[in-house]
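Engineer:
2 protein chains.
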Amino acid sequence: MALREVILTVLAHRRMTGYEIAHDFDRALSYFWRASHQQIYRELASLDKDGCVKFKVVPQTGKPDRKVYAITTRGRDELKKWVAEPTPPPQPRYDLLVKLMAGLLVDKASLHREMERVSVESRAILKQFRRMRRQCAGQPLETMAEYEQSLYLALRRGLLQVEAQTKWLGEVTEFLESGSLKR
Amino acid sequence: MALREVILTVLAHRRMTGYEIAHDFDRALSYFWRASHQQIYRELASLDKDGCVKFKVVPQTGKPDRKVYAITTRGRDELKKWVAEPTPPPQPRYDLLVKLMAGLLVDKASLHREMERVSVESRAILKQFRRMRRQCAGQPLETMAEYEQSLYLALRRGLLQVEAQTKWLGEVTEFLESGSLKR
DNA sequence: CACGGCATGTAACAGGTTACATGATTAT
DNA sequence: ATAATCATGTAACCTGTTACATGCCGTG
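Protein chains in written order, with this note's numbering: chain A, 1 to 183; chain B, 1 to 183.
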């Protein structure tokens, strides 16, 4: 149920249309959160109903009207309250882990192929994260507002996670190839 | 949509009742997958409808009848097919990351407290993982079937993830305390 | 006598995904 | 011509969560 708060957060940073929020989730915020535009429009309607956001209709020529949303005082209060609440630990639900167990029981050859594919993918993502981080590091600290700093920390988390994942995949591959666990 | 396959996987290992599956998710499989008994009963009904599992009713005295489920050939085929399919990368949706960004914008004091709470929690989980891993490591390799080996690898993944998480929390805490990013 | 364990379920609701819909403009 | 971009939405479906329901047994 955090999509509501994600939207409030981006609106606390600056006013935007639903379309722009969806667009940001596909680009700059893609390693931060993801949601379809349908989901965002639905949630914005619900936030508006509860008085947490308000909007102005900005007519355009040739294009559909824009609804520019802004957070309200009530929305800001709800967000503050939410920040103070204890965060539930994330549930472990990782398809590849299931595939590992299933594959060992029913089809090792396919499992091998799929693990190899994911390993390649994972190393590519790792490269990309490292490149992005170098880009960020090139920027002087003073020019970074809090918003950008938290994006940097999100990126940093992604990098640490992918590093751990890549290491794990290496160990699993070794296990699948040698047929025994190393410890 | 992997709950279906998780259930097929545990049934490929041994026949069980829905109650036992739910119980295992709360214990041995808790760092592997989680689901409520309601969800499991619903999914078992759907799997039965599709001919992927079958069951025998075992009457008991004093207790409700047990429905002992087993995987069918069709179920095994479906599982094989699924193992060979490319696994979609997991979506990044981490509430604490949202809280970090939201907190910087609306309430730094609450954010600080919550981050501290999660750090403590995270270090406790790390300790627990390490203890479990030592327990596993004490066991001779030969006695471990493939099923147990994959559970060990699931545990290993959990450990690596929590290590990365703990490291990240350390960096975030330092950032919150010093007010600037270190790089 | 209250509570937890065993063992099954139904019903309502919340959140995420997919498909469908509109309609002008600009780029290939 | 065709596709992509801008900008909004509705509707159906699937999955996950929460609440409610039954009924016997053993333990404190």
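Note that CB positions come from ideal geometry on N, CA and C, so glycine has one too.
#1: Report the neighbours of A/T87 on chain B: residues whose CB is nearer than 8 Å to its CB, in chain order.
#2: Measure from the C-beta of A/D50 to each C-beta in chain B and report whether the shortest distance is under 7 Å.
#3: Please report the straight-line C-alpha distance between A/D24 and A/T17, rounded to a whole angstrom.
#4: Round the Cβ separation of A/T9 and B/M101 to the nearest angstrom and send it over; I've been treating them as touching at under 8 Å.
#5: Taking the alpha-carbon positions, what's the A/L44 to A/R14 distance?
#6: Please list the residues of the region 32 to 57 of chain A that have a C-beta atom closer than 7 Å to any C-beta atom in chain B, keeping them in chain order.
#7: Identify each residue in the region 140 to 154 of chain B for which the Cβ-Cβ distance to at least one residue of chain A is less than 9 Å, and report them in chain order.
#8: Going by DSSP in three states, B/F25 sits in which element: helix, strand or coil?
#9: Does DSSP put B/F55 in a helix, a strand or coil?
#10: Can you give me the C-alpha to C-alpha distance between B/M1 and A/R123, rounded to a whole angstrom?
#11: B/E20 CB to nearest chain A CB: under 7 Å?
#12: Where do the N-terminal and C-terminal ends of the alpha helix (DSSP H) with B/Y31 fall, by residue?
#13: If we cut at 7 Å on Cβ distances, does A/A70 have a partner in chain B?
#14: Take every Cβ of the region 76 to 84 of chain A, pair it with every Cβ of the region 94 to 108 of chain B, and state whether three or more of those distances are shorter than 8 Å.
#15: Tell me, to the nearest whole angstrom, how far the beta carbon of A/W168 is from that of B/R134; I am working on the premise that it is less than 8 Å.
#16: For a test of your reading of the model: does the CB of A/Q39 fall under 6 Å from any non-hydrogen atom of the ligand GDP? Yes or no.
#17: Can you pull the chain B neighbours of A/H13, defined as C-beta to C-beta under 9 Å?
#18: Could you name each continuous alpha helix (DSSP H) segment of 4 residues or more that falls completely within the region 37 to 84 of chain A, going from the start of the chain to the end?
#19: Name the residue from B/D50, B/G51, B/K67, B/K108 whose alpha carbon lies nearest to the alpha carbon of B/V57.
#20: Using DSSP with H/G/I as helix, E/B as strand and the rest coil, what is B/M16?
#21: With a cut-off of 7 Å, does the C-beta of A/V162 fall near any C-beta of chain B?
#22: State the Cα-Cα distance for the pair A/P59 and A/E20, rounded to the nearest angstrom.
#23: Of all the options A/L29, A/Y152, A/S150, A/L47, which has the alpha carbon lying nearest to the alpha carbon of A/A70?
#24: So within the region 94 to 130 of chain B, which uninterrupted alpha helix (DSSP H) runs reach at least 4 residues, ignoring any that extend past its ends?
#25: Give the range of the alpha helix (DSSP H) segment to which B/L160 is assigned.
#26: Drop a sphere of 10 angstroms on the beta-carbon of A/E177, count the other beta-carbons inside from all chains shown, and report buried for 16 or more, exposed for fewer.
#27: Does A/E78 have its Cβ less than 7 Å from a Cβ in chain B?
#28: Taking Cβ positions, are B/Q161 and A/A12 nearer each other than 7 Å?
Structural biologist: To lay it out plainly:
#1: D95, L96, K99, E114, V118
#2: no
#3: 11 Å
#4: 5 Å
#5: 15 Å
#6: F32, W33, R34
#7: L141, M144, E146, Y147, Q149, S150, L151, Y152, L153, A154
#8: helix
#9: strand
#10: 26 Å
#11: no
#12: No alpha helix (DSSP H) holds B/Y31; DSSP gives it neither H nor E.
#13: no
#14: yes
#15: Actually they do not touch by this definition, with Cβ atoms about 19 Å apart.
#16: Looking at this structure, you won't find the ligand GDP or any other ligand, since it has none at all.
#17: M101, L105
#18: 37 to 49, 73 to 84
#19: B/K67
#20: strand
#21: no
#22: 16 Å
#23: A/L47
#24: 95 to 106
#25: 146 to 178
#26: exposed
#27: no
#28: no
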